[in-house]
Structures are given as structure tokens and as C-alpha cells.
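This report concerns only the one structure given below.
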Amino acid sequence: MATMLDVSIRAGVSKATVSRVLNGTGQVKESTRQQVFKAMEELGYRPNFLARSLANRTSNSIGLVVSTFDGFYFGRLLQQASRQTEAWGKQLIVTDGHDAPEREEEAVQMLADRQCDAIILYTRHMSEKKIMSLIDSIEMPLVVINRDVSLARERCVFFEQEDAAFQAVNYLIAQGHREIACLTVPMHTPTGKARLQGYRKALKKNGIAWDPQKVKYGDSTMTRGYELCRELLEEKNAVQRAFFL
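With full-length UniProt numbering as the guide, the letters of the sequence shown map in order to residues 1 to 245.
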């Protein structure tokens, strides 16, 4: 059975460098990391994550909480997260919050109890106050995606939902469309509020009256999105162009 020393000899680096690559610590050049991973693959070396976890007091894992597994977006998110964690020699532990803030909080706590090195949180429902409470209460870093938490923006990865909606609607208007419907997520979510604001802002800028009847609220699933799209297209006075958010 291959050992860490065998890997270091095959890769032409020190045993300490192999250890840094496996633990994701210290500064190691990308070319060196790839040499180590190649040597591991050639030798069939499989690091003992449990032993390393006990010795280093780290789980060598990254936790990821998503609101739900339903939807094309989440499949891509899981794919990329898995690739990146594996590239750094870590494991990805994934769980979902069943589209409920209480379950999302429980999922974060569960990953914290498992001593994940860090946790990534994608939440549609959790309040900013609750997110801050989690950031302050758990020991490991918590990074929030798809949300702008004003008191912890350095921990957030997001894009401007309102501006994205504004630009999309403005583009449709520039193409000559005036009857534009909005298909979005529930208004009680921060994303839903921001997108609707962008939609209304674009209408107002172009002198188009706001009509609440042209707004449909879904639940972020592809199934419900399809159903609402069909409803819009089958209406008696169907809109020229539906705006799908």
C-alpha cells in the first residue's frame, strides 16, 4: 500500500509539501499540487481522512446547505462546488433546508456539529438577523451565496438581483415589447422583492403602467415555473412576451 512518502518521492517534492496539499494549508504552486495529485493517482494512494481529522482537529470537509435540490441552478452549483473541494483534497457534505428557514438553520448546525472546516449557505428564506446569529455562533467560517447580508458583506457572494431584473425588462422594452409579464419567486423572499422592484423600475422608466395581474409568483421549482408559464400563454389576452425570473 502506497504511503505519503511514496507520493512525495514520485512527485519529486517533500513529504511536508504533500501534507500541505492534502490539508489545503500553506502556499503551494498549482503545478506542484497537480504533480502531487498525479502521483497519488498513479500510486493508488488514498489518504486516511479520519486519521488526519483526529490528528489535525479538522474534518477536511466543506459543508453546503441549499434551500432545495429541485432546479437546474442547484445541480450546477453542486457540480462546481464538488469539483473545487475535490481539487483541494477535501470532501463536500451537502444537505438541503426543504425550503424552510428552520430546516436551513438545523442543517447549518448539523454541519457545524460535524466539524466541517467551513460552511456555504444558500438560503432563500432565512432572515438577515438569523444569518448573523449563525455567523456569530458557529466556530467555522460561514459564507453566504445569493444574498447580500449588509452586516457581513465580506462573507457574501451574490449578484444584484434588482439590477439584473431591470436590465432584462429594459431590454425587452427596447425590442418593442410593451406587454411584459413577470414570473418570479414569492414576495416574502429577499430575491422576490428585489426582482419585482427591478421589473417595476424598468416599467416606470419607460412610461409603462404597473399591472399586478401581470405578475405570477412561483416557488423556484421548474415544475411550477412551467405551469405558470402555460397559464400566462393561455390567457385570453396573452402578453407579447413573458418575463421569466
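We treat Cβ as the ideally placed atom computed from N, Cα and C, and that holds for glycine.
On a predicted model such as this, the values are computed, not experimentally measured, just so you know.
Can you give me the Cβ contacts of residue i inside the same chain, cut-off strictly under 6 Å, excluding the 5 residues immediately before and after it?
| i | result |
| --- | --- |
| Arg20 | Gly26, Val28 |
| Val36 | Ala11, Val18, Val21 |
| Asn146 | Tyr122, Phe158 |
| Asp70 | Thr221 |
| Tyr171 | none |
| Arg195 | Gln161, Ala165, Thr184, Leu245 |
| Tyr226 | none |
Got a sec? Which residues, its chain only, sit under 8 Å from residue i by beta carbon, not counting five neighbours each side?
| i | result |
| --- | --- |
| Lys90 | Gly24, Asn60, Ser61, Ile62, Asp117 |
| Lys193 | Met187 |
To the nearest whole angstrom, what separates the beta carbons of residue i and residue j, a pair I think is in contact under 8 Å?
| i | j | result |
| --- | --- | --- |
| Ala107 | Val65 | 4 Å |
| residue 264 | Gln161 | What is shown of the chain runs 1 to 245, which leaves residue 264 out entirely. |
| Lys130 | Glu154 | The Cβ separation is near 19 Å, so there is no contact. |
| residue 267 | Met140 | No statement about residue 267 is possible, as the shown extent of the chain runs from 1 to 245 and does not include it. |
Let's test the definition: count the other Cβ atoms within 10 Å of the Cβ of residue i and tell me whether it reaches 16, buried, or not, exposed.
| i | result |
| --- | --- |
| Tyr199 | buried |
| Leu142 | buried |
| Ser67 | buried |
| Ser124 | The sequence shown places Arg at residue 124, not Ser. Burial call: buried. |
| Ala111 | Position check: residue 111 holds Leu in this sequence, whereas Ala was assumed. So Leu111 counts as buried. |
| Leu5 | exposed |
| Gly207 | exposed |
| Gly44 | exposed |
| Gly218 | buried |
| Gly176 | exposed |
| Asn75 | Per the sequence shown, the amino acid found at residue 75 is Gly instead of Asn. Gly75 comes out exposed. |
| Glu235 | exposed |
| residue 302 | The question about residue 302 has no answer, for the chain in this structure spans 1 to 245. |
| Leu134 | buried |
| Leu54 | Reliability of the predicted coordinates at Leu54 is poor, the pLDDT of 49 falling under 50, and the value obtained from them is presented with this limitation in mind. Under this definition Leu54 is an exposed residue. |
| Ala209 | exposed |
Apart from the five residues just before and just after residue i, which ones in its own chain have a Cβ nearer than 7 Å to its Cβ?
| i | result |
| --- | --- |
| Ala202 | Phe166, Val169, Asn170, Ile173 |
| Ala100 | His125 |
| Ser14 | Ser8 |
| Ser82 | Leu92 |
Query - Stretch pair the stretch 175 to 190 + the stretch 205 to 217: three plus CB contacts closer than 8 Å - result: Taking a cut-off of 8 Å for Cβ pairs, the stretch 175 to 190 and the stretch 205 to 217 touch, as three or more such pairs fall below it.
Report task. Could you name each continuous beta strand (DSSP E) segment of 3 residues or more that falls completely within the stretch 105 to 140, going from the start of the chain to the end? Result -> The stretch 105 to 140 contains these whole beta strand (DSSP E) runs: 118 to 122.
Query raised in the report: Can you list, in chain order, the stretches of the alpha helix (DSSP H) that have 4 or more residues and sit fully within the stretch 61 to 94?
Result: If one requires a minimum length of 4 residues, the alpha helix (DSSP H) runs lying completely within the stretch 61 to 94 are 72 to 87, in chain order.
Query - Uninterrupted alpha helix (DSSP H) stretches inside the stretch 147 to 190 (no shorter than 4 residues) - result: The stretch 147 to 190 contains these whole alpha helix (DSSP H) runs: 161 to 174.
Requested in this report: Note down, one range per segment and in chain order, each beta strand (DSSP E) of at least 3 residues found wholly within the stretch 188 to 237.
Outcome: Taking only runs of at least 3 residues, the beta strand (DSSP E) segments lying wholly in the stretch 188 to 237 are 215 to 217.
**Report entry** Complete runs of the alpha helix (DSSP H) confined to the UniProt domain "HTH lacI-type" (2 to 56) [at least 4 residues]
**Finding:** Here the runs fully enclosed are 4 to 11, 15 to 23, 30 to 43, 49 to 56.
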